[in-house]
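Following our numbering, the numbering of the sequence shown begins with 19 at its first residue and continues without gaps.
No residue lacks a Cβ here, since even glycine has one placed at the ideal position from N, Cα and C.
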Amino acid sequence: LMALEEIEIENFVGSDHEVDLLKLLFRSVPVMKRVTAKPCPNIVPSFRACKEFCKYSGDICL
C-alpha cells in the first residue's frame with residue numbers, strides 16, 4: 019500500500035463508503051500520483067463527494 023501510485027475507481031457514485039475509502043487512501047499513501055474516479059453511467063456524483071475528493075487529494079486534484 020505504501021508504494022501505490024495510481025488508483026482507478028469505476029462506477030463511482032460518491033456514497034459515504036466510497037468517500038471514506040478515498041480519504042483513507044489519500045492519508046495513507048504518500049507517493050500517490052494519480053486517482054481516476056469514473057462516474058457510474060446515468061448517475062452524477064454528489065457535490066459533497068466531489069468536494070471531499072478535492073479536499074483530501076491535495077495537489078492531486080485538478
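Could you tell me the alpha carbon to alpha carbon distance between Met20 and Asn60, rounded to whole angstroms?
On the sequence shown, position 2 is the one that residue 20 refers to. On the sequence shown, position 42 is the one that residue 60 refers to. If you take the alpha carbons of Met20 and Asn60, they lie about 34 angstroms apart.
Between Met50 and chain C, is the shortest Cβ-Cβ distance under 8 angstroms, so that the two count as touching?
Any reference to chain C falls outside this structure, which holds one protein chain only.
Let me know if Val31 comes out buried or exposed under the rule of 16 or more other beta-carbons within 10 Å of its beta-carbon.
Taking the sequence shown and counting its residues from 1, one reaches residue 31 at position 13. Looking at its Cβ environment, which holds fewer than 16 other Cβ atoms inside 10 Å, Val31 is exposed.
Does DSSP put Val37 in a helix, a strand or coil?
Position 19 of the sequence shown, counted from the first residue, corresponds to residue 37. Val37 falls in the helix class under three-state DSSP.
State the beta-bridge partners of Pro57 as determined by DSSP.
Here residue 57 corresponds to residue number 39 of the sequence shown, with the count starting at 1. DSSP lists Phe30 as partners of Pro57.
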